[in-house]
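So this note's numbering is basically just the index in the sequence shown, starting at one, shifted up by 359.
To keep things clear, I will list the structure first and then write my remarks on it.
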Amino acid sequence: MTELASAHGLLMTDALLYELVKGTDTERAGWFARFPDVARPFELIPNPGVLMRHELENNAACGLPSSHVRNIDHSYTALYRDPSYSIPPDLIKLREGKKDEIDEDTDQLLTLIDSIPILFPEFESAHEKDYIALKRAAQDKICDFDFVRRGAEVLVAQSPFFSSENAARIDRDWITFRWLQVGLLFVLDLKVKYPGGIPPVMPPKMRERIRHDVLDAQYLMLALLEGAFATKEKKLCEWWMKLNPEGVLYS
């Protein structure tokens, strides 16, 4: 990781920072020990929802995530490496607030499941044994620029945060475009994984698994905008190669 950071710099989302600090003190220290021991081992960037709001209010692409870096106090980052350090109450409160945001992001992305019968009606009359083949065909559709652009334009036009008379032309530089594109890939994956559907009230373990899927989706969305990604997750690597084969991938 040190070599990667030296060559390119590291970007971390709010959500990933939350994931790294929510464990035990020993677990947290182990994670942060992997980062370079420098003054600013990484730069913090907003989650996709913040950048989507920016696009809606400005009627323009948000640009590179690295252009939205947050100026944070990295003195805590050094403390996180120490297994004897316990997070103080004020930071615990902030951490719990971040959990609520991630839960909201999870619920929002799951609403895309309702669009599957409209966008991919072939699933409705198919047998479960045919789902994997149908998913492959649907993934090809999701890689089509015009298909995603039309859907993203609908999202923008229907948002209460959008007030312009006419939306600017949406392209791959918009987080809204990538949110829809990656989100559809993930809910299709859930459709195959849970053919009986996602219950309104999920068992805790199931919700935790899906929450991690949503976090992975966010990492991929932002990486696609930035043009570079570091992951060892096989599924994410496969989708990266489908959506941005010219981009930089470290796996």
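For glycine and all other residues, C-beta sits at the position ideal for the given N, C-alpha and C.
Other residues of its chain near residue i: CB distance less than 8 Å, five sequence neighbours each side excluded
i: residue 533; result: 414, 420, 421 and 511
i: residue 475; result: 482, 546, 547 and 550
i: residue 566; result: 465
Span separating the alpha-carbon of residue i from that of residue j
i: residue 545; j: residue 399; result: 32 Å
i: residue 579; j: residue 561; result: 25 Å
i: residue 478; j: residue 393; result: 42 Å
i: residue 381; j: residue 525; result: 43 Å
i: residue 538; j: residue 456; result: 22 Å
i: residue 501; j: residue 541; result: 8 Å
i: residue 536; j: residue 443; result: 43 Å
i: residue 403; j: residue 377; result: 11 Å
i: residue 411; j: residue 454; result: 22 Å
i: residue 608; j: residue 581; result: 13 Å
i: residue 484; j: residue 490; result: 11 Å
i: residue 641; j: residue 529; result: Nothing about residue 641 can be reported from this structure: the residues present for the chain run from 360 to 610 only.
i: residue 438; j: residue 569; result: 31 Å
i: residue 473; j: residue 397; result: 46 Å
i: residue 492; j: residue 408; result: 32 Å
i: residue 613; j: residue 426; result: Only positions 360 to 610 of the chain appear in the structure, and residue 613 is not among them; the question remains open.
N- and C-terminal bounds of the alpha helix (DSSP H) containing residue i
i: residue 561; result: First-last for residue 561: undefined, no H or E at that position.
i: residue 380; result: 373-380
i: residue 587; result: Not the alpha helix (DSSP H): residue 587 falls in the beta strand (DSSP E), residues 587-589.
i: residue 434; result: 434-439
i: residue 417; result: 407-417
i: residue 530; result: Looking at the DSSP string, residue 530 is not in any alpha helix (DSSP H), and its letter there is neither H nor E.
i: residue 516; result: 504-517
i: residue 453; result: 448-469
Neighbour-count burial assignment, residue i, 16 or more Cβ in a 10 Å radius
i: residue 509; result: exposed
i: residue 465; result: buried
i: residue 516; result: exposed
i: residue 613; result: This structure cannot speak to residue 613, because the chain is shown only from 360 to 610.
i: residue 363; result: exposed
i: residue 602; result: buried
i: residue 504; result: exposed
i: residue 450; result: exposed
i: residue 507; result: buried
i: residue 429; result: exposed
i: residue 497; result: buried
Own chain partners of residue i with C-beta closer than 6 Å, once the 5 adjacent residues on each side are dropped
i: residue 494; result: 547 and 551
i: residue 521; result: 415 and 515
i: residue 369; result: 401
Cβ pair residue i, residue j closer than 7 Å
i: residue 594; j: residue 610; result: no
i: residue 406; j: residue 383; result: no
i: residue 573; j: residue 471; result: no
i: residue 584; j: residue 424; result: yes
i: residue 563; j: residue 487; result: no
i: residue 612; j: residue 391; result: Here the chain comprises residues numbered 360 to 610, so residue 612 is not present and cannot be evaluated.
i: residue 588; j: residue 599; result: yes
i: residue 461; j: residue 388; result: no
i: residue 586; j: residue 606; result: yes
Proximal residues to residue i (C-beta, below 7 Å), its chain only, five neighbours per side dropped
i: residue 527; result: 418 and 419
i: residue 575; result: 592 and 595
i: residue 518; result: 415
i: residue 523; result: 418
Endpoints, beta strand (DSSP E) assigned at residue i
i: residue 607; result: 607-609
i: residue 325; result: The requested residue 325 does not occur in the structure, where the chain is confined to residues 360 to 610.
Residue i CB to nearest heavy atom of the ligand SAM below 6 Å
i: residue 603; result: This structure simply doesn't include the ligand SAM, nor any ligand for that matter.
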